[in-house]
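Asker:
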Amino acid sequence: MALLEVKDLGISFGGLRAVDDFHMTIEQGQLYGLIGPNGAGKTTVFNLLTGVYKPTDGYILLDGENITGKKTIEINQHGIARTFQNIRLFGELTVLDNVKVGLHNHHKYSTLAGILRLPKYYKVEKEMDAIAMDLLKVFELDGEADYKASNLPYGKQRKLEIARALATDPKLLLLDEPAAGMNPNETQELMNTIRFVRDKFQMTILLIEHDMRLVSGICEELTVLNFGQILAQGETGEVLNDPKVITAYLGE
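Heads up, the sequence shown is in our numbering, so the first residue is 679 and it goes up one at a time.
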């Protein structure tokens with residue numbers, strides 16, 4: 679059974695068909711890319727997968743379970759986490775506390791325990807501190823655990839956003855243009871990080887990206903969107919050599 683199966687997915691905004699007849703199958707452990715020109719509908723697909731938008735038609739199965747039209751928090755609890763093209767961290771919170779935000783789906787105490795600082799509160803907080811620090815060590819951010827997130831360099835903010843997403847214990851991680859704004863050295867480091875995350879956490883990853891060096895270097899399969907419709911789909915090397923893709927995307 680595929681981890682993610684998307685069939686006949688579509689959405690309209692007024693008279694505009696933003697995504698039409700979108701389909702995709704992603705197997706457990708794959709590194710999968712979603713590419714296309716600006717405005718092709720890539721982020722709209724991510725928003726459909728994560729419940730930001732409800733599809734006009736079609737369905738989404740995650741690990742065999744229908745999650746179509748569920749709320750964002752419910753989809754996250756079912757196992758999809760994401761990052762954003764424009765980094766969305768809690769800038770005034772510490773690096774550690776940003777990761778702990780992601781842990782609250784699975785580590786909870788009652789409001790009363792929190793207000794009165796009952797033993798359950800301290801027990802859960804201690805557990806979350808330990809898990810969050812372990813995640814920060816993976817990304818070599820443990821030394822900056824007490825820093826404000828907004829004070830981290832750009833590349834480390836990207837890493838922190840991925841760490842926070844992983845804290846929700848997802849089955850599928852969506853990365854929305856993770857290399858945006860990075861220089862070549864940072865992009866290479868990001869490629870290594872994505873591979874490491876896939877291998878260490880046995881994670882399935884779907885990413886939107888414009889950096890073709892990153893796409894060709896890590897993605898095993900690709901879907902190419904253009905004007906909300908699939909232009910090409912399949913093994914990365916074959917897709918990137920498809921004349922339609924070269925004309926519509928690589929040659930833009």
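In this text, a Cβ means the ideal position worked out from N, Cα and C, and glycines have one as well. Everything numeric in this text was worked out from a predicted model, so none of it was measured.
Enumerate in chain order the residues of its own chain whose CB-to-CB distance from L884 is below 7 Å, with the five nearest sequence positions on each side excluded.
Answerer: Hits under 7 Å: I704, Y710, L712, L850, L852.
Asker: Just the Cα atoms here: how many angstroms apart are G714 and E855?
Answerer: 12 Å
Asker: Report the rounded CA-to-CA distance for L767 versus L774, giving the unit in angstroms.
Answerer: If I take the Cα positions, the gap works out to 12 Å.
Asker: Out of E822, E864, N744, N829, state which residue places its alpha-carbon closest to the alpha-carbon of L681.
Answerer: N744
Asker: To the nearest angstrom, how far is the alpha carbon of K685 from that of A808?
Answerer: 40 Å
Asker: DSSP state of A937, grouped into three classes?
Answerer: With the chain represented from 679 up to 930, any question about residue 937 goes unanswered, as that position is not in the structure.
Asker: Buried or exposed: where does L892 fall if 16 or more other Cβ atoms within 10 Å of its Cβ makes it buried?
Answerer: buried
Asker: Quick one: what's got a C-beta closer than 6 Å to A696's C-beta in the same chain, skipping five residues either side?
Answerer: The answer, listed in chain order, is I689, G719, T722, G906.
Asker: Using only the alpha-carbon positions, how far apart do V816 and E913 sit?
Answerer: 30 Å
Asker: Below 8 Å, can you find three or more Cβ-Cβ pairs linking the segment 754-768 to the segment 842-849?
Answerer: yes
Asker: Taking the alpha-carbon positions, what's the N829 to I840 distance?
Answerer: 17 Å
Asker: So, helix, strand or coil for L851, using DSSP?
Answerer: strand
Asker: Leaving out five residues before and five after K922 in sequence, what residues of the same chain have Cβ atoms less than 7 Å from its Cβ?
Answerer: L909, A910
Asker: State the start and end residues of the unbroken beta strand (DSSP E) segment that holds N904.
Answerer: 899-904
Asker: Measuring only the C-alpha atoms, how far is L771 from N919?
Answerer: 45 Å
Asker: Contact between the segment 744-753 and the segment 724-733: three or more CB pairs below 8 Å?
Answerer: yes
Asker: Is F633 buried or exposed, if buried means 16 or more other CB atoms sit within 10 Å of its CB?
Answerer: As displayed, the chain neither begins before 679 nor continues past 930, which places residue 633 out of reach and without an answer.
Asker: Assuming A845 and L813 make a contact with CB atoms under 8 Å, what is their CB distance in whole Å?
Answerer: For A845 against L813, the beta-carbon gap comes to about 6 Å, under 8 Å, which counts as contact.
Asker: Nearest by alpha-carbon distance to N776: which of P831, M702, M811, H888 is it?
Answerer: M811
Asker: Tell me the DSSP secondary structure of N744 in three-state form.
Answerer: strand
Asker: If we count the other Cβ atoms within 10 Å of its Cβ and call it buried at 16 or more, is E887 buried or exposed?
Answerer: buried
Asker: By Cβ distance, which residues of its chain are closer than 8 Å to G859, with the 5 residues on each side in sequence left out?
Answerer: Y832
Asker: E887 by DSSP, collapsed to three states: which one?
Answerer: coil
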